[in-house]
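A.B. asks: Sharing a structure, written as structure tokens. Questions coming.
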Amino acid sequence: MIVAPGPAAHAAVPAGAPIVWVQAGHAAPREPGYRLQTGAGAGPFGAETGFTTRLAGRVVARLRAAGIDARATPGRVTPLGARGAAFVSLHHDAPGGRAGVGHAIAGTGENWYRGEGLGAGRPHPYPGSAPHRPATPVTPAVERRSRDLALRVASLLRAARTPARGARAPWGGVEPRDGNPRMTRYHGFHRTRASARVLVEAGAAGADDAFLRRVDPIAAAVARAVRSHLRAMARR
Ligand SMILES: [Zn+2]
């Protein structure tokens with residue numbers, strides 16, 4: 063499924079506005095080497111991409127309405143290696159059924175899997191790993207800015223995840239440096255040159271279906287966090 067931004071996504075933004083990349087996790091076309099990682103097969107919209115494409119469109123629209131040059135990208139990071147103020151990958155399939163936020167870690171590489179994305183991730187290729195596109199580095203400065211953005215997303219997403227809205231899954235907060243490698247060594251972090259790079263697990267398919275179905279409070283939390291991060295970075 064191609065990410066189809068709505069009319070609002072094309073709202074004019076000021077020249078020189080910060081560029082923010084918003085990725086609908088797992089949306090086709092997917093990244094070479096990870097093409098079989100199609101995401102959760104359940105959730106409020108039937109599959110994870112039903113959620114990630116909806117959420118990405120709304121985050122882009124909210125950011126553009128705020129004068130930020132937000133641009134959608136599918137699973138295959140497009141364009142490859144682009145600069146920007148932030149890269150935000152959207153998901154609802156954290157292992158263990160938790161919600162949380164991962165960010166890029168300096169000095170690490172991406173996960174390798176068997177073939178086009180099967181089996182357990184590890185830091186170096188399997189004999190049968192499909193080729194990857196070239197990787198961009200994560201510097202200490204990128205990690206610092208990524209952590210800042212992750213903390214802001216986590217704070218606002220946690221506040222949005224109320225029982226009244228149907229949030230039921232455990233909250234994992236910001237993934238630590240040595241945490242789940244699917245969230246800390248995510249390949250998308252290594253296909254962009256954005257200054258801050260995060261991965262949002264908005265919730266868990268099943269337990270959080272009622273919450274995830276709302277989409278808008280999640281889009282509002284993510285967009286507010288990005289705006290807050292951009293303001294903080296502009297002050298430094
Ligand atoms: Zn996912």
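Position one of the sequence shown corresponds to residue 63 (the working numbering), numbered consecutively onward. We put the CB at the ideal spot given by N, CA and C, even for glycine.
1) My output table needs one value for Val284: the three-state DSSP class, helix, strand or coil.
2) Ala222 lies in the alpha helix (DSSP H); which residues open and close that run?
3) What did DSSP end up calling Phe149 once you bin it into helix, strand or coil?
4) By DSSP, does Gly159 sit in helix, in strand, or in coil?
5) Using a C-beta cutoff of 8 Å, does Pro187 count as contacting chain C?
6) Could you tell me the boundaries of the alpha helix (DSSP H) in which Leu117 lies?
7) Identify whether Arg289 lies in helix, strand or coil by the three-state DSSP scheme.
8) Please list the terminal residues of the continuous beta strand (DSSP E) segment that includes Arg255.
9) Exposed or buried, Asp278, counting other C-beta atoms within 10 Å across all chains shown (16 or more means buried)?
10) Under the three-state reduction of DSSP, which class applies to His165: helix, strand or coil?
11) Quick one: give me the first and last residue of the alpha helix (DSSP H) that Leu274 is part of.
12) Say whether the segment 84-94 touches the segment 133-153, bearing in mind that this needs 3 or more beta-carbon pairs closer than 8 Å, one atom from each stretch.
13) Just the Cα atoms here: how many angstroms apart are Tyr188 and Pro157?
14) According to the Cβ coordinates, are Ser257 and Val204 closer than 8 Å?
C.D. replies: Working from what's here:
1) Position 222 of the sequence shown holds residue 284. Of the three classes helix, strand and coil, the one that applies to Val284 here is helix, per DSSP.
2) One-based indexing of the sequence shown puts residue 222 at position 160. Its alpha helix (DSSP H) spans residues 202-222.
3) Numbered from 1 along the sequence shown, position 87 holds the residue referred to as residue 149. In the three-state DSSP reduction, Phe149 falls in the strand class (E or B).
4) Numbered from 1 along the sequence shown, position 97 holds the residue referred to as residue 159. Gly159 carries a coil assignment under DSSP once its states are collapsed to helix, strand and coil.
5) The chain labelled as chain C is not found in the depicted structure, where only one protein chain is given.
6) The residue labelled residue 117 in the question sits at position 55 within the sequence shown. Start and end: 110-127.
7) For the purposes of this step, residue 289 is taken as residue 227 along the sequence shown, with counting starting at 1. DSSP places Arg289 in helix when its eight states are reduced to three.
8) Within the sequence shown, residue 255 is the residue found at index 193, counting from 1. Run containing Arg255: 254-256, per the beta strand (DSSP E) assignment.
9) For the purposes of this step, residue 278 is taken as residue 216 along the sequence shown, with counting starting at 1. Counting Cβ neighbours within 10 Å, Asp278 comes out exposed, since fewer than 16 surround it.
10) Counting from 1 along the sequence shown, the entry for residue 165 is found at position 103. Strand.
11) Numbered from 1 along the sequence shown, position 212 holds the residue referred to as residue 274. Per DSSP, Leu274 belongs to the alpha helix (DSSP H) from 271-276.
12) Because the criterion of three Cβ pairs below 8 Å is met, the segment 84-94 and the segment 133-153 touch.
13) Locating residue 188 in the sequence shown gives position 126, where the first residue counts as 1. Locating residue 157 in the sequence shown gives position 95, where the first residue counts as 1. One alpha carbon belongs to Tyr188, the other to Pro157, and they sit about 22 Å apart.
14) The residue given as residue 257 occupies position 195 in the sequence shown. The residue given as residue 204 occupies position 142 in the sequence shown. It is a contact, given that the beta carbons lie within the stated cut-off.
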